[in-house]
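Residue numbers (this note's numbering): 265 to 490.
Everything below concerns the one structure shown next.
Here you go:
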């Protein structure tokens with residue numbers, strides 16, 4: 265940059281820059297079962313996310329002895345006023361939806377009562393000392409096909425896995441696991457993810473009437489700045 269403000273940490277990584285927005289943590293907290301007999305969870309943010317584009321929700325399910333799984337993620341609200349999110353447990357055989365989350369956007373919000381704020385040349389707020397930044401830590405899409413079976417409704421179900429550890433300070437992006445995927449027919453592939461904490465394995469599950477074996481959706485992880 266030719267002029268402006270730039271701040272680096274002790275690892276020489278740029279954490280504040282007056283030209284580029286970083287992923288800022290707008291709200292964080294816990295999600296828990298709220299409906300559907302403990303299967304569904306609706307969580308409202310401590311403050312609305314005012315970005316025009318949908319914010320990014322990262323989750324870290326509570327560690328369990330069995331399997332934790334989430335599906336059907338959707339954001340609540342609309343452009344400029346995103347107020348929360350919904351997730352559902354994968355099935356009655358997996359743990360109820362309990363865990364921690366944070367929601368981020370590539371723009372800050374006026375949260376702090378005192379401290380520092382930074383805008384870019386177009387008056388977009390890039391930094392507020394009340395909205396800390398988050399850092400992307402890793403991403404992968406090297407899934408291994410495991411097996412296929414059929415649901416009670418006669419749909420094909422494919423399972424994919426990848427070995428991964430689950431540190432307590434790392435969260436996984438859940439937005440992309442709430443989307444339907446293109447299938448080989450008119451019915452889209454439904455998408456689910458499950459965490460096997462004992463086996464240190466992350467699973468993705470797709471369900472469709474015509475279910476291709478190819479699967480390249482990235483799993484993206486991040487952590488909050490401390």
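Every residue gets a Cβ at the ideal spot worked out from N, C-alpha and C, and that includes glycine.
Computed from a prediction, not measured in an experiment: that's the story for all the values here.
The beta strand (DSSP E) spanning residue i covers which residue range?
i, result
"residue 294", "288-295"
"residue 270", "270-272"
"residue 330", "Residue 330 -> no beta strand (DSSP E), and no H or E assigned at all."
"residue 375", "Residue 375 -> no beta strand (DSSP E), and no H or E assigned at all."
"residue 312", "304-313"
"residue 319", "Counting along the chain, residue 319 falls outside any beta strand (DSSP E), and DSSP gives it neither H nor E."
"residue 392", "389-392"
With a cut-off of 8 Å on the beta carbons, I'd call residue i and residue j a contact; round off their distance for me.
i, j, result
"residue 470", "residue 445", "6 Å"
"residue 331", "residue 413", "Between residue 413 and residue 331 the Cβ distance is about 16 Å, and since that is not below 8 Å, they are no contact."
"residue 364", "residue 311", "Between residue 311 and residue 364 the Cβ distance is about 17 Å, and since that is not below 8 Å, they are no contact."
"residue 489", "residue 407", "Actually they are not in contact, since the Cβ atoms of residue 489 and residue 407 sit about 29 Å apart, beyond 8 Å."
"residue 319", "residue 369", "5 Å"
"residue 447", "residue 478", "Not confirmed; about 11 Å, so no contact."
"residue 334", "residue 361", "6 Å"
"residue 314", "residue 373", "6 Å"
"residue 347", "residue 322", "Going by Cβ atoms, the distance from residue 347 to residue 322 rounds to 17 Å, so no, they are not a contact pair."
Per DSSP, which residues does residue i bridge with? Please list them.
i, result
"residue 370", "In DSSP, residue 370 forms no bridge with anything."
"residue 398", "488"
"residue 345", "342"
"residue 281", "270"
"residue 275", "According to DSSP, residue 275 bridges with nothing at all."
"residue 385", "According to DSSP, residue 385 bridges with nothing at all."
"residue 299", "304"
"residue 325", "363"
Ordered list of beta strand (DSSP E) runs contained in the region 402-487, each at least 3 residues: As for any beta strand (DSSP E) of minimum length 3 sitting wholly inside the region 402-487, the runs are 408-414, 420-427, 435-437, 454-460 and 465-472, ordered along the chain.
Worksheet item: Taking contact to mean at least 3 C-beta pairs separated by less than 8 Å, is the region 279-289 in contact with the region 385-404?
Response: Contact between the region 279-289 and the region 385-404 is present, because at least three Cβ pairs lie under 8 Å.
Next item on the list: Flag this pair as touching only if the region 297-307 and the region 349-369 have three or more C-beta atom pairs under 8 Å; answer yes or no.
Entry: Contact between the region 297-307 and the region 349-369 is present: 3 or more CB-CB pairs across the two stretches fall below 8 Å.
message: Three or more C-beta pairs under 8 Å: does that hold for the region 401-409 against the region 425-437?
response: With a cut-off of 8 Å, the region 425-437 and the region 401-409 count as touching, because enough Cβ pairs lie within range.
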